[in-house]
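Student: Before anything else, here's the structure in question.
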Amino acid sequence: MKRRTFITLLGGAAAWLLAARGQQPAMLVIGYLSGSASADRAHVVAPFWRGLREPATQRAKMCRSSIAGRRTNYDRLPDLAADLVRRKVEVIAATDTPSAVAAKAANTPIPIVFAIGGDPVSDGLVISFNRPGGNLTGISFMSVELGAKQLGLLRELVPMAARIAVLVDPNFPITERFVSGVRAASSAIGQQIEVLYANTGRDIDAAFASLAQKPVDALLVSPAALFVNRRVQLAILAANRGMPAIYSLRQAAEAGGLMSYGTSLTDAYRQAGIYTGRILKGEKAADLPILQPTKFDFVINLNTARVMGLSFPPGLLAIADEVIE
């Protein structure tokens, strides 16, 4: 029986080195490319690895994991993708849209499995959902489409909200489409929104400070790696202002955010792991259709609600997948 070791390196882009040991030494290397902070990789690595084990060989069930690294900047992603290509990895796993774009731009025949929030067809990653073509496949979180649902949940909590702010990162690839979707949804129900822009931690502070001049009644935080990495900062700022806020990922609610609604990343990254395992066993990325999520998480943090003096309507509590108390 051979063992494989799972190691992440490069501080953002990482190589998952699955090193086989035994009488016939061999090595399979899975390249990992991400713009997320190192602290958030556990949310990706654990479910990905569980999914990888499902279709992979018996040897893969005996792996051990070791993780090291730090957050990477988006402008480093092309160089990190090129480094993975030079390492001749078997598969590249890209855990967000900027990473998937950088991996494809590396112009390599190496299979790429992505897990992204945008539309991979609109982003130019694949030809179609059913027949991706080329060497890319993966799963789309449908983050753009969920903006209207998040707005609706926020209005159920604050039905008399006159103005709702939407915090976005202008540098994140899906931001423009996300804002367009939220604008359309808000226009349909007569809701006024105010778009706030931030692409650094200081910008987030400045955006909240600007609300002193233009007060809003609630906040919708758009999907972006920056806001995942800065979720504690966002939760504190919102709580200090007594501002009801909704986020895209459950990690935000777990970090003190009031509530979140979005794709179950645990399930999504498990599916990405399954696809990676299938490719390692010989299937082609071009033949694996793009997956879309079937499980969504609505999480409410009642501790934060109590601190803010808010009460949730029974209807919202009844449909929550998890209530943090």
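In terms of the numbering used here, the sequence shown is residues 1435 to 1759.
Note that the Cβ used here is the ideal one computed from N, Cα and C, for glycine as well.
These figures come from a predicted structure and were not determined experimentally.
Enumerate in chain order the residues of its own chain whose CB-to-CB distance from Arg-1664 is below 8 Å, with the five nearest sequence positions on each side excluded.
Tutor: Once the five neighbours on either side are set aside, the close Cβ partners of Arg-1664 are Gly-1635, Ile-1638.
Student: Could you check which residue in Ala-1646, Ala-1706, Ser-1533, Asp-1603 has the C-alpha nearest to that of Tyr-1508?
Tutor: For Tyr-1508, the nearest C-alpha among the options comes from Ser-1533.
Student: What residue does the beta strand (DSSP E) around Leu-1386 start on, and which one ends it?
Tutor: As shown, the chain starts at 1435 and ends at 1759. That puts residue 1386 outside it, with no answer to give.
Student: Roughly how many whole angstroms lie between the Cα atoms of Arg-1704 and Phe-1642?
Tutor: Their Cα atoms are separated by approximately 36 Å.
Student: Between Leu-1683 and the rest of its own chain, which residues show a CB-CB distance below 7 Å, the 5 nearest in sequence each way excluded?
Tutor: Taken in chain order, the residues that qualify are Val-1662, Ser-1694, Gly-1696, Leu-1699.
Student: From Ile-1573 to Ala-1673, what does the alpha carbon distance come to, in whole angstroms?
Tutor: Going from the Cα of Ile-1573 to the Cα of Ala-1673 covers about 33 Å.
Student: Can you tell me whether Met-1742 is helix, strand or coil according to DSSP?
Tutor: Of the three classes helix, strand and coil, the one that applies to Met-1742 here is helix, per DSSP.
Student: How would you call Gly-1716, buried or exposed, if buried means at least 16 neighbouring beta carbons within 10 angstroms?
Tutor: So Gly-1716 counts as exposed.
Student: When the distance is taken between beta carbons, is Tyr-1466 closer than 9 Å to Ile-1526?
Tutor: Yes.
Student: Out of Lys-1583, Ala-1679, Pro-1657, Val-1523, which has the shortest C-alpha to C-alpha gap to Ala-1739?
Tutor: Of the candidates Lys-1583, Ala-1679, Pro-1657, Val-1523, the one whose C-alpha sits nearest the C-alpha of Ala-1739 is Ala-1679.
Student: So for Asn-1663, helix, strand or coil by DSSP?
Tutor: Helix.
Student: In or out: Val-1666 buried (at least 16 other Cβ within 10 Å) or exposed?
Tutor: It counts as exposed.
Student: Assign Ser-1541 to one of two classes, buried (16 or more other C-beta atoms within 10 Å of its C-beta) or exposed (fewer than that).
Tutor: It should be pointed out that residue 1541 corresponds to Asn in this sequence rather than to Ser. When all chains shown are included, Asn-1541 counts as exposed.
Student: Just checking my contact of Leu-1630 with Ala-1599 at CB under 8 Å: how many whole Å lie between their CB atoms?
Tutor: Confirmed, about 5 Å.
Student: For Ser-1644, which option in Leu-1714, Gly-1469, Glu-1628, Leu-1654 has the closest C-alpha, if you only look at C-alpha atoms?
Tutor: Ranking Leu-1714, Gly-1469, Glu-1628, Leu-1654 by Cα distance to Ser-1644 puts Glu-1628 first.
Student: In chain order, which beta strand (DSSP E) runs of at least 3 residues are fully inside the region 1569-1651?
Tutor: For the region 1569-1651, whole beta strand (DSSP E) runs of length 3 or above, ordered along the chain, are 1570-1574, 1597-1602, 1626-1631.
Student: Find out if the Cβ-Cβ distance for the pair Leu-1511, Gly-1469 is shorter than 9 Å.
Tutor: Yes, the pair counts as a contact, with Cβ atoms nearer than the cut-off.
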